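A quick write-up on the structure given underneath.
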Amino acid sequence: MQSEKTESEQEKPQKQGVYIRTFGCQMNEYDSQKLYKILEKDYQPVDAPEKADLVLVNTCSVREKPEQKLYSMLGELKALRSERPGMMIGVCGCVAQQEGEKILKKGRGVDFVFGTHNLSLVPSLIQLRKKGAPPQAAVDYREEWEELPLGFAENDPTRHGQAGHVTAFISISRGCNKACTYCIVPTTRGPEVSRAPEEIEREAKIAVHRGSKEIVLLGQTVNSYGLDLSPRMSFVKLLDRVAAIPGVERIRFTSPHPQEVRQDFIDFVVSNPKVCRHIHMPLQSGSDRILRLMNRNYRRAKYLSIIEALKSRVPDMAITTDFIVGFPGETEGDFRQTLEVMELVQFDNSYSFAFSPRPGTPAAAMEDSLTHEAKLARLQELQALQDRLMDAKLTSWVGREAEVLVDNHNRVAEGCFQGRISQNFVTHFVQPHKGVAIGSIVKARISGRGRVWLVAEPA
Ligand code: SF4
850 MQSEKTESEQ EKPQKQGVYI RTFGCQMNEY DSQKLYKILE KDYQPVDAPE KADLVLVNTC
910 SVREKPEQKL YSMLGELKAL RSERPGMMIG VCGCVAQQEG EKILKKGRGV DFVFGTHNLS
970 LVPSLIQLRK KGAPPQAAVD YREEWEELPL GFAENDPTRH GQAGHVTAFI SISRGCNKAC
1030 TYCIVPTTRG PEVSRAPEEI EREAKIAVHR GSKEIVLLGQ TVNSYGLDLS PRMSFVKLLD
1090 RVAAIPGVER IRFTSPHPQE VRQDFIDFVV SNPKVCRHIH MPLQSGSDRI LRLMNRNYRR
1150 AKYLSIIEAL KSRVPDMAIT TDFIVGFPGE TEGDFRQTLE VMELVQFDNS YSFAFSPRPG
1210 TPAAAMEDSL THEAKLARLQ ELQALQDRLM DAKLTSWVGR EAEVLVDNHN RVAEGCFQGR
1270 ISQNFVTHFV QPHKGVAIGS IVKARISGRG RVWLVAEPA
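FYI, the numbering for the sequence shown is 850 to 1308, going by the numbering used here.
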């Protein structure tokens, strides 16, 4: 028998559907979550553009062919809109910040464009368009931090123990003061602006209240956090404040820049039990000549000395990194030096890309004589080495004990879960066990491994 709707249910206007396609880094993922929150009064998330009344494309200009990806998606959306009249399309993220009005002029049916500093303007851009205004682009830089809804109400008790809420991503700064020659981020996101520590603490406390156990602090160069604040702050002080919040069980951060790593950072990371035994620190190349051309402001010896300082005190600290292969001028010898550093560090994992020029960056004007095929061949060799290193790491975990923070169900079987050990390897419980539930930290024995994950049972 169908239940009758209450009066208040009948009065509630039906929310429209919003779909956000996110490209790129965790910073973009974070912005997309904020956008869902900003829009939640009128829109509810849907899982496909076909069901949406509003589609936002959150773009990235760091990786290869971002504009191509954007315009091919806009082509598909334009076709979709012929079946869903009234559907709105917005473009945001780094390509939006960079291209602004040019996107509107391409005639792909985009209703509005907004930059990385203008998320809070979305509701008014939508309203303007609904009232018949022409397509708008809002891509102004803002010197101050743009305060946005935190994603959940302080007194909202409904989300405890749900998948997707165990880890909270919190942005601590935006923009970047470095000038890596291949990177467009300083142009698209502007100079570094740190967020007030009180706001970060507040967001972390709310996340814990909602059921989060792990806080991931996000920034382009997290360890230069706070130098622009008055009074000055340091990343280590911020880590200390977040670690002091009751209920925060684990802290991760991404990414530290090797140039900014100081002794107090190493001391804190190795000694605070809440900081995970995992550092993701981009290396990009193992050749000093290429690091100089990239304007990375550190040399391989500095990178290796940081790793040594960490591993001499915490031998099982997991180290992951980023590489760019085939940077302009990279010789076979330079590339071999990168492989050599990989062997020395024994990286647990890495993200690697073949160089492709980003228009407007100094590297785009450098002579790039290596063919695409040659770059791909190097990339394959590097990735094959990484696969071997990771393979050995995974195997070395079998038989050991570790704590697993359970963050989701898995597909292995009904009632089974997955999580991550402190070193960030995904770990599956392949049998249902009492005491294993989303949000719990389980002492586990690693009983096996898969291609890129571990298998565990409670110890
Ligand atoms: S540190 Fe370099 S690569 Fe990272 S965002 Fe800044 S300029 Fe780009």
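Cβ coordinates follow ideal geometry from the N, Cα and C atoms, glycine included.
None of the values given here were measured: they were computed from a predicted structure.
| query | result |
| --- | --- |
| Can you tell me which residues form a DSSP beta bridge with G1297? | V1304 |
| Measure the alpha-carbon distance for R1126 versus K980 and round it to whole angstroms. | 53 Å |
| Does DSSP put K854 in a helix, in a strand, or in coil? | Bear in mind that the predicted position of K854 carries a pLDDT of just 48, short of 50, making it too unreliable to give a figure here. |
| Label A1293 either buried or exposed according to how many other C-beta atoms from any shown protein chain fall within 10 Å of its C-beta, with 16 as the threshold for buried. | buried |
| On the CB-based measure, 16 or more other CB atoms within 10 Å of its CB, does K951 come out buried or exposed? | exposed |
| CB-CB under 8 Å to I1155, same chain, minus the five flanking residues each way: which ones, in chain order? | P1107, V1110, I1115 and M1130 |
| Going straight from the alpha carbon of P983 to that of R870, what length do you get? | 24 Å |
| Should H1106 be listed as close to ligand 1, given that the test is whether its C-beta is under 7 Å from any heavy atom? | yes |
| Under the DSSP definition of a beta bridge, which residues are partnered with Y1152? | Answer is none; Y1152 lacks a bridge partner. |
| With a 10 Å radius around its C-beta and 16 neighbouring C-beta atoms as the bar for buried, classify L1066 as buried or exposed. | buried |
| Run the CB neighbour count on K890, radius 10 Å, all protein chains shown included, and call it buried at 16 or more, exposed below. | exposed |
| Grab me the residues of R1298's own chain with a C-beta within less than 8 Å of its C-beta, minus the 5 sequence neighbours each way, in chain order. | L1243, T1244, W1246, V1247 and V1304 |
| What residue from V911, A1017, M936 and A1223 has the CA that sits closest to V867's CA? | M936 |
| Suppose you measure from the CA of E1050 to the CA of Y885; what does that come to, to the nearest Å? | 22 Å |
| Tell me the rounded alpha-carbon separation between V1124 and S1043. | 21 Å |
| If I measure Cβ to Cβ from M1215 and keep anything under 6 Å in the same chain, skipping five residues before and after, which residues do I get? | P1177 |
| Please identify the residue among P1122, R1145 and E1047 whose C-alpha is closest to the C-alpha of L1132. | R1145 |
| Under the three-state reduction of DSSP, which class applies to K1292: helix, strand or coil? | strand |
| Quick check on Q882: does DSSP put it in helix, strand or coil? | helix |
| Return the first residue and the last residue of the alpha helix (DSSP H) that E1048 is part of. | P1046 to R1059 |
| So the alpha helix (DSSP H) T871 belongs to, where does it begin and stop? | Per DSSP, T871 belongs to no alpha helix (DSSP H); it is in the beta strand (DSSP E), Q865 to T871. |
| Going by beta carbon distance, what residues of the same chain come within less than 6 Å of S1073, once the five residues before and after it are set aside? | E1109 |
| Using 7 Å as the cut-off, classify the Cβ of C943 as near or not near the heavy atoms of ligand 1, replying yes or no. | no |
| Which residues share a DSSP beta bridge with Q1133? | F1172 |
| Can you list, in chain order, the residues of its chain with a C-beta nearer than 8 Å to that of S1098? Leave out the 5 residues immediately preceding and following it. | A small fix is needed here, since residue 1098 is Glu in this sequence, not Ser. Around E1098: K1062, E1063, K1123, L1254 and I1290. |
| Mind the definition here: the segment 1232 to 1242 touches the segment 1190 to 1205 only if three or more C-beta pairs lie below 8 Å; say whether that holds. | yes |
| Might you give, ordered along the chain, the residues of its own chain that have their beta carbon closer than 7 Å to the beta carbon of R1148, omitting 5 neighbours on each side? | D1137 and L1140 |
| Would you identify the three-state DSSP class for L1238, choosing helix, strand or coil? | helix |
| I need the boundaries of the beta strand (DSSP E) containing M1166, first residue and last residue. | Element bounds for M1166: n/a, residue is neither H nor E. |
| Give the C-beta separation of K1054 and I1094 to the nearest angstrom, bearing in mind that I take them to be a contact with Cβ-Cβ under 8 Å. | 6 Å |
| Leaving out five residues before and five after D902 in sequence, what residues of the same chain have Cβ atoms less than 8 Å from its Cβ? | Q865, G866, V867, Y892, R933, G935, M936 and M937 |
| Examine ligand 1 and report whether any of its heavy atoms sits within less than 7 Å of the Cβ of A1305. | no |
| Mind checking Q863: buried by the 16 CB within 10 Å criterion, or exposed? | exposed |
| Going by Cα to Cα distance, which pick from G1268, R1300 and V1301 is closest to P1307? | G1268 |
| What first and last residue would you give for the beta strand (DSSP E) that runs through E1189? | No beta strand (DSSP E) contains E1189, which is instead part of the alpha helix (DSSP H) from E1181 to V1194. |
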